[in-house]
Structures are given as structure tokens and as C-alpha cells.
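Visitor: Here it is, the structure in full.
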Amino acid sequence: MKTCDIGLIGLAVMGENLVLNLESKGFRVAVFNRTVAVTERFALGRGAGKNIYPAKTIKEFVDALARPRKAMIMVKAGAPVDAVIAQLTPFLEAGDVIIDGGNSLWTDTQRREKELAMLGLHFVGCGVSGGEEGALKGPSMMPGGSPQAWNAVGPIFRKIAAQVDGEPCCRYMGPDGAGHYVKMVHNGIEYGDMQLICEAYAILQATLNTDAEELHRIFSEWNSGELNSYLIDITAQIFARIDPETGRPLVDSILDKAGQKGTGKWTVSHAVEMGVPLSTISAAVEARILSSMKEQRVAAARELAGPKPKPFTGDRQAFIDAVRDALYASKIVSYAQGFAQLGAAAKLYNWPLDFGDIATIWRGGCIIRAQFLNRIRAAYEGDPALKNLLLAPFFRDVIAKTQASWRRAIVAAVERGVAVPAFSASLAYYDSYRSARLPANLLQAQRDFFGAHTYERVDKPEGEFFHTEWA
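If you want it as C-alpha cells, here you go:
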């Protein structure tokens, strides 16, 4: 039996597709699934005639791997990952590498890396983005772990990753949980992107009464400009799909209850813990939660009044352009917040995150892949110490040109009672960030009044605190 270059455990669709991707790039792959029938079905089906070795036991799986062994786990995050690791470790030797390619919490990755290091084993927490298609054709990969582990898996991962302008969408993120953390923030930005697109759709419908055919045309046009991205592209395609049951646009037959798997919540929770404003992504997470309250919303719609319908007057195309500009400006803010969070986490955990590298590997394979990531990479290459993307000359100029449209689109939504939490949160962040003085002076006075929390003065040195007996 030939030894295998790498092994993969967990043959759900993502796992299967990664195996087929690996094999297509010239690697021999061992596979294992806890349900042997699943392994056999894959070997006789999609894996038939390919350089894939189906193992029936963990020992057989490990014995099939070339040293240093590289075993990748693609199972549900949490306890299942720990269970597979516990099964693997008795058969591994010092220098072998375990890779977790699921959406694991980065603190779990940090713990696992320490535990396995005590056994002489390497552990890689690798974010894999791009869904089923990306796994098969080339995902964006965000590996974190020891440099030795990266040296072992890097040549394989860089070969199977998406390629953009001759560059693989896979670079080393840093030690322990860095890779999974970057993937988590990617998913948070994804939440923001998706909600912003949905709000643009809501504004256009409420203001211009656009139908699916016109929306298909609008989003297709947007995808040919600055907003060119995977999410805008699939949105245009969604509006073109007709439901065979009703003969109407399929999107109109879909229940308005959004799901989520938890990475958005993790992103927001840790941003709050670090004191990083993440208003756009937070609004997107809350919008999904509110959407799930369908029964309450239907009941409330019968009881709670909104503004009277307001007909649109003016240049229709100019308003469509304004919504496009608002989406672009809000998107910039969302990414600015995400990269600010990555910067805070890098300092907290001493990770050598390279923001230009991160923007580079997000240009292909992943869900948030977009043309404007080239602009983000250029911004960080121009100023590696950039504190906020909004301060980069290119993005500063874009906001200056689009902010009137941004405000116009939000006003149109507010006047018509259309909820646009992510658009509004993005603009509020921008207006707050650009304000030299905020009303927090009054807030500090309130805190000092009821809790003697003290305050600083504008006319005294920073760090000197005062208290007033207000009553």
C-alpha cells in the first residue's frame, strides 16, 4: 500500500469536497468516517477510481499516512473535535500534525494546541471558507499553529487553495488560535455584508416598488462596478430564479426567518469584551435574531403603527445609485470594524497578524471575496500601522463622495418605516468616529452623580480624576 500524503476524517459534503480537491491536485488521501457505510459509499461513489484510501478504523487510517502524519478533522465544532482527537492521539508519534478545519472557537484551538504540544504533537486550527464549492474548487484557508506545523501543511494547503492573480489564498496567520480567530471575524464581516445587501433590497422595494426582474438587473449592474463580489453576484442570480410551484420569483416564497450557526455571535461577544465597537456586525446579528421572532412580528404588525406610505418623487436611477453608494459606504465601515477587531486581538494574544495578507487571501475562495479587498490590501501595504481603514486615503475619499447618498438612502428608509439597522449603525459609527467631541461628557457626569465614578476635565492633565457632590 502506498502511504498517503494527508488524511481527512469526517465525510460530510465539506469533507468529501476537500478530499476530491486534494486528490485532484496530485495528493493521495486517506479517509475515515465514524460510520463505515459513509466511507464505503464515498469510496464507491464520488471517490471511485481516485487516489483515495478508505480506512475502516482509526488505526488503519493513521497507518496509511506518511510521516510526519497529517490528519485533518472536518467534524462539527466542540465536543466532536475533542472526541476525534482522543481517538487519534494513541496512534500518533511526536512530530505528527492534527488539523481542525471546522469553525471551532479559537479558545478551544488554543487549549488543544497546548494539550497536544505536551504529547509532542502539532495542532493546526485552520479556517476554511468558501462553502461546498470552495472546498471542491479552491477555498480561502486561514491556518494557525506552530511554524513547524505550517511548514508541514503549507505546501499542501497552498496548492489546494483558491488562486487569485497567481497567488494562493492561503497564508500563515500565526500561532495557536490565530487562524480560527481570523475565520471567525471573516464570518462576522460576512454577516454584515449579507445584512447590508438585504437592507438595500428592502429600501429599493419600499421606495421604488422594485420587482425581482428589476432587482436582478440592478444587482447585476452593481456587480460590474465597485461592489463586484461573490455575495452581490449570487444575489443577482437569486432574483432571477423562478419558483416552479408558483411561477413567481422564488425569493418571494421564502420565509423571512434567518438562521445562524454562532460565529457572528462569537465575533460580537469578543469585540465587546475587548472594547472594540462592532456596531454593523452586531446589528446584523440582532437582525437575524429579530427575524426569527416571526410570530411576534406578525402579531405586532397588527398592533403597532408606522408612517403612512410615502410615494417616491424624483429621479429613479439617481435614487438607485444613492442606495448603491450607501451600500458601498456601509460595507467599508463593516470591514473597518472587522480589521480593527483583528488588530485588538493581535495585541491581546501577541499574534503577528498581517492585515495585507488577510485581505489577500480573502480575495478568492471565501464567501466575502470581493474586488475591493485589493484596495484593503493596498491600504495596509501603504501603511502597515494604519489604525482604521476609514483613515486610508482611498476609503476616506470614497466616504466623502458617497456620504450624501448614504444619508439620503437611510432617510428614505426611516420616512417609510423600513428597518435598516446595519446601514444606520454603519453611519452612526462613522459619525461617532469622526467627532472630536461626543456627548459622553454628560454620561460621565451622570455616572459621577449616581455612583461617584469620577470624571476627567478638558482643562486638566489626562489621568487626573475629579468628583462632584452633585446633590
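Oh and the sequence shown: position 76 is 147 in the numbering used here, straight run, nothing missing. Note that CB positions come from ideal geometry on N, CA and C, so glycine has one too.
Would you identify the three-state DSSP class for Y420, choosing helix, strand or coil?
Guide: Looking up residue 420 in the sequence shown gives position 349. Y420: helix per DSSP, three-state reduction.
Visitor: At which residue ranges does the stretch 318 to 343 contain complete alpha helix (DSSP H) runs of 4 or more residues, listed in the order of the chain?
Guide: Correct list: empty.
Visitor: Please state the DSSP three-state secondary structure of M145.
Guide: Position 74 of the sequence shown, counted from the start, is the residue given in the question as residue 145. Note: M145 maps to coil in three-state DSSP.
Visitor: Locate the alpha helix (DSSP H) running through S497, then write down its first and last residues.
Guide: Working through the sequence shown from its first residue, we reach residue 497 at position 426. Here the alpha helix (DSSP H) through S497 covers 492 to 504.
Visitor: Within a Cβ cutoff of 6 Å, which residues of the same chain sit near H251, ignoring the five residues on either side of it in sequence?
Guide: Taking the first residue of the sequence shown as position 1, residue 251 is located at position 180. Excluding sequence neighbours, H251 sits near S175, W177, T180, G196, G198.
Visitor: In whole angstroms, what is the alpha-carbon distance linking A283 and R312?
Guide: As a working mapping, residue 283 is identified with position 212 in the sequence shown. As a working mapping, residue 312 is identified with position 241 in the sequence shown. For A283 and R312, the distance between alpha carbons rounds to 9 Å.
Visitor: Just curious, the alpha helix (DSSP H) that L559 is in, first and last residue?
Guide: The shown model of the chain, from 72 to 542, leaves out residue 559, and the question about it has no answer.
Visitor: Compare the Cα-Cα distances from G248 to each of A493, L419, Y451 and report the closest residue.
Guide: Counting from 1 along the sequence shown, the entry for residue 248 is found at position 177. It is L419 whose Cα lies nearest to the Cα of G248.
Visitor: Would DSSP call G166 helix, strand or coil?
Guide: Position 95 of the sequence shown holds residue 166. G166: coil per DSSP, three-state reduction.
Visitor: Which residues bound the beta strand (DSSP E) around H524?
Guide: Position 453 of the sequence shown, counting from 1, holds the residue named residue 524. Unbroken run through H524: none, as it is neither H nor E.
Visitor: Going by beta-carbon coordinates alone, are L267 and L93 separated by less than 8 Å?
Guide: On the sequence shown, position 196 is the one that residue 267 refers to. On the sequence shown, position 22 is the one that residue 93 refers to. No. Outside cutoff.
Visitor: Of the residues E204, M244, D392, which one's Cα is nearest the Cα of I432?
Guide: What you label residue 432 is simply residue 361 of the sequence shown in a count that begins at 1. The residue with the shortest Cα to Cα distance from I432 is M244.
Visitor: Relative to the C-alpha of N222, which residue among K141, A233, K254 is closest?
Guide: What you label residue 222 is simply residue 151 of the sequence shown in a count that begins at 1. Checking every option, the nearest Cα to that of N222 belongs to K141.
Visitor: By DSSP's criteria, L79 is part of a beta bridge. Which residues make up the other side?
Guide: The residue labelled residue 79 in the question sits at position 8 within the sequence shown. Looking at the DSSP assignment, L79 forms a beta bridge with V102, M143.
Visitor: Label H524 either buried or exposed according to how many other C-beta atoms from any shown protein chain fall within 10 Å of its C-beta, with 16 as the threshold for buried.
Guide: Locating residue 524 in the sequence shown gives position 453, counting from the first residue. Answer is exposed; the Cβ neighbour count stays below 16.
Visitor: Is it the case that the Cβ atoms of G205 and M145 are separated by a distance below 8 Å?
Guide: One-based indexing of the sequence shown puts residue 205 at position 134. One-based indexing of the sequence shown puts residue 145 at position 74. The answer is no: Cβ separation not under 8 Å.
Visitor: What are the start and end residues of the alpha helix (DSSP H) that includes F228?
Guide: Position 157 of the sequence shown holds residue 228. 218 to 231 is the extent of the alpha helix (DSSP H) around F228.
Visitor: In the structure shown, what three-state DSSP assignment does I123 receive?
Guide: On the sequence shown, position 52 is the one that residue 123 refers to. Strand.
Visitor: Within this structure, are the beta carbons of A483 and I274 separated by less than 8 Å?
Guide: As a first step, residue 483 must be located in the sequence shown, where it is residue number 412. As a first step, residue 274 must be located in the sequence shown, where it is residue number 203. Taking 8 Å as the Cβ cut-off, A483 and I274 qualify as a contacting pair.
Visitor: Taking buried to mean at least 16 other C-beta atoms within 10 Å of its own C-beta, is E270 buried or exposed?
Guide: In the sequence shown, residue 270 corresponds to position 199, counting from 1. That one is buried.
Visitor: Can you tell me which of the three DSSP states L457 falls into?
Guide: As a working note, residue 457 is residue 386 in the sequence shown. Coil.
Visitor: Over what stretch of residues does the alpha helix (DSSP H) that includes P214 continue unbroken?
Guide: Start at 1 with the first residue of the sequence shown, and residue 214 comes out as number 143. Not the alpha helix (DSSP H): P214 falls in the beta strand (DSSP E), residues 211 to 215.
Visitor: Please report the residue range of the beta strand (DSSP E) in which H193 lies.
Guide: Along the sequence shown, one-based indexing puts residue 193 at 122. Unbroken beta strand (DSSP E) run through H193: 193 to 200.
Visitor: Grab me the residues of G503's own chain with a C-beta within less than 7 Å of its C-beta, minus the 5 sequence neighbours each way, in chain order.
Guide: Along the sequence shown, one-based indexing puts residue 503 at 432. It should be pointed out that residue 503 corresponds to Ser in this sequence rather than to Gly. Excluding positions up to five away in sequence, the list reads L509.
Visitor: Hey, could you find the ends of the alpha helix (DSSP H) F426 is sitting in?
Guide: Here residue 426 is taken as the residue at index 355 of the sequence shown, counted from 1. Its alpha helix (DSSP H) spans residues 426 to 432.
Visitor: State the CB to CB distance for the pair V90 and I123, rounded to an integer number of angstroms; the pair is presumed to be in contact (CB under 8 Å).
Guide: Working through the sequence shown from its first residue, we reach residue 90 at position 19. Working through the sequence shown from its first residue, we reach residue 123 at position 52. Correct: roughly 6 Å between the Cβ atoms.
Visitor: Are the beta-carbon atoms belonging to T351 and S295 less than 8 Å from one another?
Guide: On the sequence shown, position 280 is the one that residue 351 refers to. On the sequence shown, position 224 is the one that residue 295 refers to. Cβ atoms of T351 and S295: not closer than 8 Å.
Visitor: From this set, L375, G116, D236, which residue's C-alpha is nearest G488's C-alpha?
Guide: Taking the sequence shown and counting its residues from 1, one reaches residue 488 at position 417. For G488, the nearest C-alpha among the options comes from L375.
Visitor: Go ahead and pull the three-state DSSP assignment for V109.
Guide: Sequence index remark: in the sequence shown, residue 109 carries index 38 (1-based). Helix.
Visitor: Does the separation of the CB atoms of K381 and E486 fall below 8 Å?
Guide: Taking the sequence shown and counting its residues from 1, one reaches residue 381 at position 310. Taking the sequence shown and counting its residues from 1, one reaches residue 486 at position 415. Going by C-beta atoms, K381 is nearer than 8 Å to E486.
Visitor: Could you check if A154 is buried or exposed, using at least 16 other CB atoms within 10 Å of its CB as the buried criterion?
Guide: Locating residue 154 in the sequence shown gives position 83, where the first residue counts as 1. Label assigned to A154: exposed.
Visitor: Could you tell me if E535 is buried or exposed, where buried requires 16 or more neighbouring beta carbons within 10 angstroms of its beta carbon?
Guide: One-based indexing of the sequence shown puts residue 535 at position 464. E535 comes out exposed.
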